[in-house]
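S.K.: This is the structure I want to talk about, given as structure tokens.
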Amino acid sequence: NAGVTQTPKFQVLKTGQSMTLQCAQDMNHEYMSWYRQDPGMGLRLIHYSVGAGITDQGEVPNGYNVSRSTTEDFPLRLLSAAPSQTSVYFCASSSPFITTNTEAFFGQGTRLTVV
Amino acid sequence: QQQVKQSPQSLIVQKGGISIINCAYENTAFDYFPWYQQFPGKGPALLIAIRPDVSEKKEGRFTISFNKSAKQFSLHIMDSQPGDSATYFCAASSDNAGNMLTFGGGTRLMVKP
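Written as structure tokens, this is what we have:
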């Protein structure tokens, strides 16, 4: 049972380069989201999706694009990397809850450094 | 601005002691309040969660206390153990799936043996 799988685990980019962070889940969850984690700021929502073909912006969407062509996959694209995008990125998936302890499952994270 | 404020940023507790982490929120539309635990190099994992129709929820050594009128909630870890050493995040959400979580800044807990 893999859960939420993120690739790569580490990445170094030069300013201006583009790349895609991959996220896949095998729990058939409708909802998926991307967060970035920076020291002292917790996790901040970048983009989210409530189902295939549907995406929306979170708190810090600038510089990032997403698409959701399948239920399983939710890639995050950096169009032109900037040093301010140096962070740890987490993908999460969840389903609409009917109990108190509905859980958003997180991947292991991608540590991105932009130089 | 941060909609969920968490304190303290770091906490050192002796083994067997009580760890207390506090959070305050601003958005009255929030209706789901989970706590996540994160170990170094790992993603956050759900620890315990509460909805505002109850004032307290206990699961083992972990208890959430919730004060709706004050817009505050807290995590108490009883009989703290070295294995509890981790970073703890409070969060809040107004959707039905915890999909759009607003996180506090995190508390790094160290439990000394």
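The listed protein sequences correspond, in order, to chains R and F. 94 is the number that our numbering gives to position 94 of the first sequence; each next residue is one higher, with no gaps. 1083 is the number that our numbering gives to position 83 of the second sequence; each next residue is one higher, with no gaps. Cβ atoms here follow ideal geometry from the backbone N, Cα and C, with glycine treated the same way. Predicted model, so just to flag it, every value in this text is computed and none were measured.
Cutting at 7 Å between CB atoms, please list the residues of its own chain near residue 7(R), excluding the five before and the five after it.
M.R.: Position 7 of the first sequence, counted from the first residue, corresponds to residue 7(R). Closer than 7 Å at Cβ, skipping near neighbours: 22.
S.K.: Given this structure, state the Cα-to-Cα distance separating residue 114(R) from residue 18(R), to the nearest angstrom.
M.R.: As a first step, residue 114(R) must be located in the first sequence, where it is residue number 114. As a first step, residue 18(R) must be located in the first sequence, where it is residue number 18. C-alpha separation (whole angstroms): 11 Å.
S.K.: Rounded to a whole number of angstroms, what is the C-alpha to C-alpha distance between residue 59(R) and residue 1028(F)?
M.R.: Here the question's residue 59(R) lines up with position 59 in the first sequence. Here the question's residue 1028(F) lines up with position 28 in the second sequence. Distance between the alpha carbons of residue 59(R) and residue 1028(F): 18 Å.
S.K.: Hey, residue 1107(F) and residue 1092(F): beta-carbon distance below 7 Å or not?
M.R.: Working through the second sequence from its first residue, we reach residue 1107(F) at position 107. Working through the second sequence from its first residue, we reach residue 1092(F) at position 92. No, the pair does not count as a contact, with Cβ atoms beyond the cut-off.
S.K.: Going along chain R, which residues have a C-beta under 8 Å from residue 1044(F)?
M.R.: Numbered from 1 along the second sequence, position 44 holds the residue referred to as residue 1044(F). Result: 43, 90, 106.
S.K.: Going by CA-CA distance only, name the one from 1031(F), 1026(F), 1030(F), 1008(F) that's closest to residue 1020(F).
M.R.: Counting from 1 along the second sequence, the entry for residue 1020(F) is found at position 20. The residue with the shortest Cα to Cα distance from residue 1020(F) is 1008(F).
S.K.: Given that a residue counts as buried once 16 or more other Cβ atoms are within 10 Å of its Cβ, and exposed if not, what is residue 1084(F)?
M.R.: Working through the second sequence from its first residue, we reach residue 1084(F) at position 84. Classification of residue 1084(F): buried, given that the 10 Å Cβ count is 16 or more.
S.K.: Out of 74(R), 95(R), 91(R), 108(R), which one is the CA nearest neighbour of residue 44(R)?
M.R.: Taking the first sequence and counting its residues from 1, one reaches residue 44(R) at position 44. Residue 91(R) is the option with its Cα nearest to residue 44(R).
S.K.: Alpha carbon to alpha carbon, how far is residue 1043(F) from residue 1069(F)?
M.R.: In the second sequence, counting from the first residue as 1, residue 1043(F) sits at position 43. In the second sequence, counting from the first residue as 1, residue 1069(F) sits at position 69. Cα-Cα distance, rounded: 32 Å.
S.K.: Write down every uninterrupted run of the beta strand (DSSP E) in the segment 53-112 of chain R whose length is 3 residues or greater and which is fully enclosed by it, in chain order.
M.R.: 54-57, 64-66, 76-78, 87-94
S.K.: When Cβ atoms are compared, which residues of the segment 1082-1107 of chain F fall closer than 9 Å to chain R?
M.R.: Answer in chain order: 1089, 1090, 1091, 1093, 1095, 1096, 1097, 1098, 1099, 1100, 1101, 1102, 1103, 1104, 1105, 1106.
S.K.: Do you know offhand how far residue 1076(F)'s Cα is from residue 50(R)'s?
M.R.: Stepping through the second sequence from its first residue, residue 1076(F) is reached at position 76. Stepping through the first sequence from its first residue, residue 50(R) is reached at position 50. If you draw a straight line from the Cα of residue 1076(F) to the Cα of residue 50(R), it is about 33 Å long.
S.K.: Please list, in chain order, the residues of the segment 53-67 of chain R that have any C-beta partner in chain F closer than 8 Å.
M.R.: 58, 59
S.K.: Below 7 Å between beta carbons: does that hold for residue 94(R) and residue 29(R)?
M.R.: Working through the first sequence from its first residue, we reach residue 94(R) at position 94. Working through the first sequence from its first residue, we reach residue 29(R) at position 29. Yes.
S.K.: Tell me the DSSP secondary structure of residue 1106(F) in three-state form.
M.R.: Within the second sequence, numbered from 1, the residue matching residue 1106(F) stands at position 106. Residue 1106(F) falls in the coil class under three-state DSSP.
S.K.: Taking the alpha carbon of residue 1072(F) as the point to measure from, which residue in 1047(F), 1013(F), 1022(F), 1063(F) has its own alpha carbon closest?
M.R.: What you label residue 1072(F) is simply residue 72 of the second sequence in a count that begins at 1. The candidate whose alpha carbon is nearest that of residue 1072(F) is 1022(F).
S.K.: Within a Cβ cutoff of 6 Å, which residues of the same chain sit near residue 111(R), ignoring the five residues on either side of it in sequence?
M.R.: Here residue 111(R) is taken as the residue at index 111 of the first sequence, counted from 1. Once the five neighbours on either side are set aside, the close Cβ partners of residue 111(R) are 10, 88.
S.K.: Using a Cβ-Cβ distance cut-off of 7 Å, determine whether residue 72(R) contacts chain F.
M.R.: Residue 72(R) sits at position 72 when you count from the first residue of the first sequence. False, the Cβ-Cβ gap to chain F never drops below 7 Å.
S.K.: How would you write the range of the beta strand (DSSP E) that residue 1057(F) sits in, first residue to last?
M.R.: Residue mapping note: residue 1057(F) aligns to position 57 of the second sequence, counting from 1. Residue 1057(F) -> beta strand (DSSP E) spans 1056-1059.
S.K.: Could you check the C-alpha separation between residue 72(R) and residue 1048(F) for me, to the nearest Å?
M.R.: Taking the first residue of the first sequence as position 1, residue 72(R) is located at position 72. Taking the first residue of the second sequence as position 1, residue 1048(F) is located at position 48. Spanning the two alpha carbons is a distance of roughly 26 Å.
S.K.: Closest by CA to residue 951(F), which one among 1082(F), 1090(F), 1094(F)?
M.R.: Only positions 1001 to 1113 of chain F appear in this structure, which leaves residue 951(F) out of reach.
S.K.: Label residue 1099(F) either buried or exposed according to how many other C-beta atoms from any shown protein chain fall within 10 Å of its C-beta, with 16 as the threshold for buried.
M.R.: Here residue 1099(F) refers to the residue found at position 99 of the second sequence. Counting C-beta atoms within 10 angstroms of its own C-beta, residue 1099(F) has 16 or more neighbours from the protein chains shown and is therefore classed as buried.
S.K.: Just checking my contact of residue 80(R) with residue 16(R) at CB under 8 Å: how many whole Å lie between their CB atoms?
M.R.: On the first sequence, position 80 is the one that residue 80(R) refers to. On the first sequence, position 16 is the one that residue 16(R) refers to. Right, their Cβ atoms sit about 5 Å apart.
S.K.: To which residues of the same chain is residue 13(R) closer than 8 Å at the C-beta, ignoring the five residues directly before and after it?
M.R.: Taking the first residue of the first sequence as 1, we reach residue 13(R) at position 13. Only 19, 78, 81, 112, 113, 114, 115 meet the Cβ criterion.
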